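The structure under discussion appears below in the form of structure tokens.
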Amino acid sequence: MSAFSSLTESEKVLLQQVAANPIFMKVLKKEKEDLDQQILNFWALEHESDLEYRRRNESLHEKRRYLNEQISFYESLLLI
């Protein structure tokens, strides 16, 4: 959240307005749900010993962490 503290007041207000938009949050959460489903489908199809599987799995999890951070960030803006 330190990045948020370095923003100007107008930038903070703008981000809070974005976070308050229910469509934005719905799209962000839907993207995460879709990614979660991709991960589940991927696990069902691939073998753990496959190097390419591990790389793609790691990539999906990196995207998931990023989306979780984005969701948490925007949800925290609503609490300010």
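Numbering-wise, the numbering used here comes out as the position in the sequence shown, counting from 1, plus 46. All C-beta atoms, glycine included, are put in the ideal place defined by N, C-alpha and C. Computed from a predicted structure; not experimentally measured.
Legend entry - Distance, K72 Cα to E57 Cα: Taking the straight line from one Cα to the other gives about 22 Å.
Inset, instruction - From the DSSP output, in three-state form, read off S56 for me. - result: Helix at S56.
Inset, instruction - Measure the C-alpha to C-alpha separation of N128 and E55 and round it to an integer number of angstroms. - result: Lying before the first or after the last residue shown, residue 128 is absent from the chain, which here runs from 47 to 126.
Inset, instruction - For A65, count neighbouring C-beta atoms within 10 Å of its own C-beta (all shown protein chains included) and say buried if the count is 16 or more, exposed if not. - result: It counts as buried.
Inset, instruction - Indicate whether L123 and L61 have their beta-carbon atoms separated by less than 8 Å. - result: Taking 8 Å as the Cβ cut-off, L123 and L61 qualify as a contacting pair.
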